[in-house]
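Student: If you read the sequences in order, they're chains A and B.
For the first sequence, position 116 matches number 116 in the working numbering, and the numbering has no gaps at all.
For the second sequence, position 66 matches number 1066 in the working numbering, and the numbering has no gaps at all.
Starting off with a structure, shown below.
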Amino acid sequence: MNKQQTNDVILQTVTKVACFIILLFSFHLFFAGHNNPGGGFIAGLMTSSSFVLLLLAYDLKTVKNILPINFIYVAATGLFISVCTGIGSFVFGAQFLSHAFGYFHLPLLGKTELATAVLFDTGVYLVVVGVTMTIIQTIGERE
Amino acid sequence: MIETAKIVIAVFILLGSLICLAASFGTLRLPDVYSRIHAASKGATLGIICVLLGVFFYFWFLHGIIAAKVLLGIVFVFLTSPVGAHLIARAAYNTGVKMEEKSVQDDYEGYRNFVIKKKEDSYL
């Protein structure tokens, strides 16, 4: 159907910039999730949407070269991390999925509140990225 | 000082919404796809940027918050909205959408990378 290869220079050039903006914003959403709107789920969706933008601008093979990750393993790692944070509370004699936080003095950030909920959120984030990218890549390959 | 700030904010937000309204009228009134995209993309981009600037000034002047997210949104809309319009227009041209009758010149004629062989391929 196509007479010649389509020339996607404008889309690809803008993707190179916009992809990083979306990634940065997804990290912001991830770390803001404790006190502001955001969190693991929406951050994972934003990250996978930036990968989908890459998939739209380039083809499947190029994206597999850029990100040589099998996203099923990413989802599995996320589930593993989430379960481990739940089980980790047994070590301190607390109930399953108990949550703790503390204030620490970090070198650059100063006084920071670190909570174990972030670890659970990391698991959620990885699961969402893995599942979304797996769905989209498997649908895209059926050509 | 606060009153001046409020006037500036109101002007930005009202101007932005009026530009968006003009863009939507342009989308309704103009004859073919390309001039509609011309109205919608440019008008909506500038309108949204004006509204977002108003929001940014509102939080800055009245609450003392510098909302970097809004600035990032302005940059992002400015960057991506014309590209979206460009892609829609190119897709329309490549699938064989005709220009308006009164248009004079088509320098891109013959360089469509989509060839209409059957009648179902055309979106006319």
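Virtual Cβ for every residue (Gly too), placed ideally from N, Cα, C.
Using C-beta distances below 8 Å, list every residue in its chain close to residue 60 (chain A), excluding the 5 sequence neighbours before and after it, in chain order.
Tutor: Around residue 60 (chain A): 137, 140, 141.
Student: Since residue 131 (chain A) and residue 75 (chain A) should fall inside the 8 Å C-beta cutoff, what is the C-beta to C-beta distance between them, to a whole number of angstroms?
Tutor: That pair is a contact at about 5 Å.
Student: Looking only at C-alpha atoms, which of A:85, A:45, A:110 sits nearest to residue 24 (chain A)?
Tutor: Residue A:45 is the option with its Cα nearest to residue 24 (chain A).
Student: For residue 53 (chain A), which three-state DSSP category applies?
Tutor: Three-state DSSP puts residue 53 (chain A) in a helix.
Student: At which residues does the beta strand (DSSP E) containing residue 115 (chain A) begin and terminate?
Tutor: Where residue 115 (chain A) is concerned, the enclosing beta strand (DSSP E) stretches over 110–115.
Student: Kindly indicate if chain B contains any beta-carbon less than 8 Å away from that of residue 25 (chain A).
Tutor: Taking Cβ atoms only, chain B reaches closer than 8 Å to residue 25 (chain A), which makes this a yes.
Student: Given this structure, state the Cα-to-Cα distance separating residue 1014 (chain B) from residue 1049 (chain B), to the nearest angstrom.
Tutor: Going by the C-alpha atoms only, they are around 12 Å apart.
Student: Can the beta-carbon of residue 81 (chain A) be found closer than 8 Å to that of residue 123 (chain A)?
Tutor: Contact flag set, yes.
Student: Within the same chain, show all residues whose beta-carbon is closer than 8 Å to that of residue 101 (chain A), passing over the 5 residues directly before and after it, in chain order.
Tutor: Counting only Cβ-Cβ distances below 8 Å, and skipping sequence neighbours, we find 113, 114, 115, 116, 117.
Student: Could you give the C-beta distance for residue 1054 (chain B) and residue 1012 (chain B), rounded to a whole number, given that I count them as a contact under 8 Å?
Tutor: With a Cβ gap of about 3 Å, residue 1054 (chain B) and residue 1012 (chain B) count as contacting.
Student: Which residues in chain B have a C-beta closer than 8 Å to the C-beta of residue 43 (chain A)? List them in chain order.
Tutor: Chain B residues near residue 43 (chain A): none, gap ~14 Å exceeds 8 Å.
Student: Might you give, ordered along the chain, the residues of its own chain that have their beta carbon closer than 6 Å to the beta carbon of residue 126 (chain A), omitting 5 neighbours on each side?
Tutor: Once the five neighbours on either side are set aside, the close Cβ partners of residue 126 (chain A) are 74, 77, 78.
Student: Here's the rule I'm using: 16 or more other beta-carbon atoms within 10 Å means buried, otherwise exposed. How should residue 1043 (chain B) be labelled?
Tutor: By the 10 Å Cβ count, residue 1043 (chain B) comes out buried.
Student: Hey, how far is the Cα of residue 52 (chain A) from the Cα of residue 1079 (chain B)?
Tutor: Cα to Cα, residue 52 (chain A) sits roughly 18 Å from residue 1079 (chain B).
Student: Please list, in chain order, the chain A residues whose beta carbon lies closer than 9 Å to that of residue 1076 (chain B).
Tutor: The answer, in chain order, is 18, 21, 22, 25.
Student: If you count every other CB in all the chains shown that lies within 10 Å of the CB of residue 92 (chain A), and 16 or more means buried, which is it?
Tutor: Burial call: exposed.
Student: What number of angstroms, rounded off, separates the C-alpha of residue 71 (chain A) from the C-alpha of residue 104 (chain A)?
Tutor: Using only the alpha carbons, I get a separation of about 34 Å.
Student: Ordered along the chain, which non-local residues of its own chain (more than five positions away) have a Cβ less than 6 Å from that of residue 1016 (chain B)?
Tutor: Once the five neighbours on either side are set aside, the close Cβ partners of residue 1016 (chain B) are 1047, 1050, 1051.
Student: With a threshold of 8 Å between beta-carbons, can residue 54 (chain A) be considered close to chain B, or not?
Tutor: Not closer than 8 Å to any Cβ of chain B, the Cβ of residue 54 (chain A) fails to qualify, so no.
Student: Report the residue from A:64, A:21, A:98, A:120 whose alpha carbon sits nearest the alpha carbon of residue 1069 (chain B).
Tutor: Minimum Cα distance to residue 1069 (chain B) is reached at A:21.
Student: Straight-line CA distance for residue 1105 (chain B) to residue 10 (chain A)?
Tutor: So the two alpha carbons sit approximately 24 Å from each other.
Student: When you compare the stretch 1023–1041 of chain B with the stretch 1002–1012 of chain B, are there three or more beta-carbon pairs, one atom per stretch, that lie closer than 8 Å?
Tutor: Segments in contact, no.
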